[in-house]
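Per this note's numbering, residue 38 is the first one in the sequence shown, and the count goes up by one each step.
Here the structure is laid out as structure tokens; the discussion comes afterwards.
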Amino acid sequence: VRVHGPVGLVTLVAEAMGQTPNVAGRLLGALGRVGVNVFGIGQSATQRSISVVVDQAALPTAVRTVHAAFHFGAGRVSLLLLGRGTVGGALLRTLAVQAPILRTAHDLDVMVVGVATSDTVVFDPNGIDLSAIDARLRDGSNWPAATTGILDALARLPTPILVDCTAAEGMEALYTEAFQRGIHVVGANKKPLTAALPRYDAAHRAARVAHRSWRYETTVGAALPIVSTLHDLLRTGDQVRRIEGSFSGTLGFLCDQLARGVAIDVAVRDAMARGYTEPRPQEDLAGTDAARKALILARELGLRLTLDDVAVTPLVDADLLDIDDVDAFLVALAARAEAFGARVDTLAKAGRRLRYLAVIDPEATPALRVGPVDIGPEHAAWGLRDSQGFVAFTTRRYADHPLVVQGAGAGGDVTASGVLADVIRVAEGLRG
38 VRVHGPVGLV TLVAEAMGQT PNVAGRLLGA LGRVGVNVFG IGQSATQRSI SVVVDQAALP
98 TAVRTVHAAF HFGAGRVSLL LLGRGTVGGA LLRTLAVQAP ILRTAHDLDV MVVGVATSDT
158 VVFDPNGIDL SAIDARLRDG SNWPAATTGI LDALARLPTP ILVDCTAAEG MEALYTEAFQ
218 RGIHVVGANK KPLTAALPRY DAAHRAARVA HRSWRYETTV GAALPIVSTL HDLLRTGDQV
278 RRIEGSFSGT LGFLCDQLAR GVAIDVAVRD AMARGYTEPR PQEDLAGTDA ARKALILARE
338 LGLRLTLDDV AVTPLVDADL LDIDDVDAFL VALAARAEAF GARVDTLAKA GRRLRYLAVI
398 DPEATPALRV GPVDIGPEHA AWGLRDSQGF VAFTTRRYAD HPLVVQGAGA GGDVTASGVL
458 ADVIRVAEGL RG
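In structure tokens:
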């Protein structure tokens with residue numbers, strides 16, 4: 038084969054040849070997914086090695102890709118993190134501790150190659166020193182303007198994963214661009230999963246067509262295995278008849294604090310300080326966050342619904358939610374604290390407790406309801422404490438005794454651990 042220009046040679050020897058009956062297909066497929074063009078391919082007379090000719094400039098990428106595809110040493114995972122807020126920051130701290138352990142104990146080399154904020158991005162294909170993120174971001178590039186080039190560069194790295202820890206709107210379009218380039222997506226962002234159905238469908242279709250993973254366990258219950266449990270039920274042929282739960286660890290925390298006699302404005306400030314709330318706590322108190330989580334699960338059931346189809350009752354008076362400024366909202370909330378506390382006290386005297394619950398019932402009208410309810414001690418949510426969340430699946434198999442998933446349902450560290458778990462699942466799912 039006549040090749041113009043400088044070239045490099047990548048050769049697999051006997052040890053790799055014995056790993057799979059289709060070495061050539063596996064080799065070419067791996068290189069093709071990262072955009073490395075192969076100009077020639079040849080096999081030795083002894084059939085103990087196979088070589089491909091690539092452009093010299095692509096040689097480092099080709100070598101890294103082959104090493105990852107055939108598991109020579111630790112499997113490399115390349116992360117581009119979007120968002121350095123509560124969850125994104127916690128993920129970086131977790132990786133600083135856990136990455137060396139994953140490399141030593143699990144042969145998994147999780148490397149952060151890019152970090153983006155709302156307006157700045159830093160990218161280094163050789164990995165970023167996590168202790169120097171702040172300094173690197175000060176000299177970073179403009180994120181929106183650099184998006185296409187950085188996605189192209191990420192796609193050329195081994196096991197590229199876009200990790201969305203933002204709460205930004207419209208990210209499903211970026212996900213689609215990533216899938217089309219062969220990039221996997223792990224998201225803690227609920228909004229792409231509750232977007233208008235055409236955009237939601239397009240993103241899922243792009244992932245399927247590209248055979249890329251889109252994992253979003255943390256969008257519903259932090260690190261609780263809620264989405265994966267629902268997937269397992271559906272994929273094994275069960276019929277889900279009802280889903281009920283405290284989908285918002287934030288509102289669960291607030292209800293528990295109210296039951297302990299804490300004023301609602303004080304409880305909200307505490308939740309904000311712990312990183313339990315959205316940047317605007319009005320979203321939590323309005324039930325918007327819980328409604329999004331309910332809609333995510335409803336769509337997983339196959340219900341073709343939008344946020345407008347969710348019957349939502351806020352935890353607090355609706356007129357308070359019209360106050361956009363967070364500080365002004367908290368001041369107004371404090372003025373209503375005494376009346377709200379009296380409502381909780383009345384329930385307590387009657388042996389009842391306030392909980393903010395969501396119900397998904399495909400046979401009911403409306404199929405999705407989210408709001409505050411008072412419950413008795415027989416209810417599964419009676420014993421919830423702090424930010425614990427719970428979801429009960431009533432199905433054909435679990436008809437008399439629902440399948441319950443319960444645990445911590447809010448917090449940056451917990452959610453970050455769930456994001457990292459999704460990253461690990463993507464990487465381990467690619468190991469052949």
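The beta carbon of each residue, even a glycine, is placed where N, CA and C say it ideally should be.
Sequence-distant partners of Phe160 (beyond 5 residues in either direction) whose C-beta falls short of 7 Å from its own C-beta, in its chain, are Val150, Gly151, Ile187, Ala190. Between Tyr313 and Phe290, the C-beta spacing is below 8 Å. Following the DSSP letters along the chain, one finds Thr157 inside the beta strand (DSSP E) bounded by residues 157-160. With a cut-off of 8 Å on Cβ pairs, the segment 269-278 is not in contact with the segment 317-331, counting fewer than three such pairs. The continuous alpha helix (DSSP H) containing Phe377 extends over residues 374-386.
Annotation: Val442 to Arg406 spans about 19 Å, alpha carbon to alpha carbon.
Cβ neighbours of Asp293 within its own chain (closer than 7 Å, five residues either side excluded): Leu421, Arg422, Asp423. Looking at the backbone, the Cα of Leu117 and that of Ile198 are separated by about 6 Å.
If only complete runs of 3 or more residues are kept, the segment 313-371 shows the beta strand (DSSP E) at 347-349, in order along the chain.
Residue burial annotation: Ile138 is exposed, with fewer than 16 other C-beta atoms found within 10 angstroms of its C-beta.
Here the C-alpha atom of Val368 lies approximately 12 Å from the C-alpha atom of Asp361. Under DSSP, Ala153 shares a beta bridge with Leu119, Val158. Where Gln80 is concerned, there is no enclosing alpha helix (DSSP H), although the beta strand (DSSP E) around it starts and stops at 75-80. Counting other Cβ atoms within 10 Å of its Cβ, Gly413 stays below 16 and is therefore classed as exposed. The Cβ-Cβ distance between Pro403 and Thr350 does not fall below 8 Å. Annotation for Gly286: the continuous alpha helix (DSSP H) segment containing it runs 286-296. Bounds of any beta strand (DSSP E) do not take in Gln276, whose DSSP letter is neither H nor E. Straight across, the Cα-Cα distance linking Gly77 with Tyr212 is about 33 Å. Short of 6 Å from the beta carbon of Ala232, and not among the five residues preceding or following it, lie these beta carbons of its own chain, in chain order: Glu209. Per the coordinates, the alpha-carbon of Ala365 lies some 30 Å from the alpha-carbon of Ala453. When the Cα atoms are used, Cys202 and Gly224 turn out to be separated by approximately 6 Å. Under DSSP, Ile198 shares a beta bridge with Leu116, His221.
Leu370 is the residue among Leu370, Trp251, Leu340, Glu337 whose C-alpha sits nearest the C-alpha of Val303.
Taking a contact as a CB-CB distance under 8 Å, the pair Phe430 and Thr266 counts as one, their CB atoms being some 7 Å apart.
In the DSSP assignment, the residues bridged to Thr432 are Val277. Apart from sequence neighbours up to five positions away, the residues of its chain that approach Asp398 with a beta-carbon distance below 7 Å are Arg279, Ala404, ordered along the chain.
Secondary structure at Arg236: helix, using DSSP grouped into helix, strand and coil.
Straight through space, the alpha carbons of Gly112 and Val75 are spaced by roughly 23 Å. Ala136 and Gly177 have their alpha carbons spaced roughly 24 Å apart.
Around the beta-carbon of Asn226, 16 or more other beta-carbon atoms lie within 10 Å, marking it buried. Under the Cβ criterion (8 Å, minimum of three pairs), the segment 120-130 counts as touching the segment 443-463. Considering only Thr185, Glu206, Arg236, Leu234, the residue with the shortest C-alpha distance to Ala215 is Thr185. The DSSP-derived three-state label of Trp419 is coil.
By the neighbour-count criterion, in which 16 or more other beta carbons inside 10 Å mark a residue as buried, Arg193 falls on the buried side. Residue environment: Pro195 is assigned as buried (16 or more neighbouring CB atoms within 10 Å of its CB, all protein chains considered). Between the alpha carbons of Val134 and Val147 lies a gap of roughly 12 Å.
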